[in-house]
Each structure stands twice: as structure tokens, then as C-alpha cells.
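**Q** Position one of the sequence shown corresponds to residue 1 (our numbering), numbered consecutively onward. A virtual CB, placed ideally from N, CA and C, is assigned to each residue, including glycine.
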Amino acid sequence: MTTDMFITTVRKYTRAKKLTPRMLNELIERIEVHQAEKVNGEHRQKLTIHYNCVGSIAIPDVLPLPEPDIRIQTRKGVAVSYSPSKQAV
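1. For C53, tell me which candidate among R30, Y13 and T20 has the shortest Cα-Cα distance.
2. So the alpha helix (DSSP H) I7 belongs to, where does it begin and stop?
3. Less than 9 Å between the C-beta atoms of I59 and E32, yes or no?
4. Mapping DSSP to helix, strand and coil, what is L47?
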């Protein structure tokens, strides 16, 4: 499969609403499932997806978005502020 063929296949599925076996067969060469590990009480398992023609793609860790600091003046002398709290586990 050439790079142009891969790009044509990807464009064909850009608006797909459901992942089908045909899509997997056309886009993915293989999927490697690594041994599960327990980290800080959570089980984590790494998957490596090898795409046809382009291989595996490393997606870097991204920094979290800054939390908004919202302050609303509801009426004279009264201000309401909002700060998101962490979700209970």
C-alpha cells in the first residue's frame, strides 16, 4: 500500500459514525496488546496500533487546560465566583 492509497482510504472514513471490520482491515496493519500493569492502584494496559503504510504514531502527553476563574457581579456589592472542584473518585 502506498502513502497516497492510505490517505485516500483515510479520507473515505473521515465522517464515519461507526467503526466497522472493513475499516479496521483497510486502515490498521496490527494491534499489539501489552501486559497490564498496576500503577497507583489502577490497572493500565498499553496498546500499540500499527497503521498501514505509516506505522505506529506516538501521541505526546498534553498538559491539562488551565481551569477558568469566573467571577460574576450579580448586583452592586455582591460577587459570585466559580472554581471547578475535582471530581470524586
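**A** Judging by the given coordinates:
1. Indexing the sequence shown from 1 puts residue 53 at position 53. For C53, the nearest C-alpha among the options comes from R30.
2. On the sequence shown, position 7 is the one that residue 7 refers to. Start and end: T3 to K12.
3. Position 59 of the sequence shown, counted from the first residue, corresponds to residue 59. Position 32 of the sequence shown, counted from the first residue, corresponds to residue 32. Cβ atoms of I59 and E32: not closer than 9 Å.
4. Stepping through the sequence shown from its first residue, residue 47 is reached at position 47. In this structure, L47 counts as strand in the three-state DSSP scheme.
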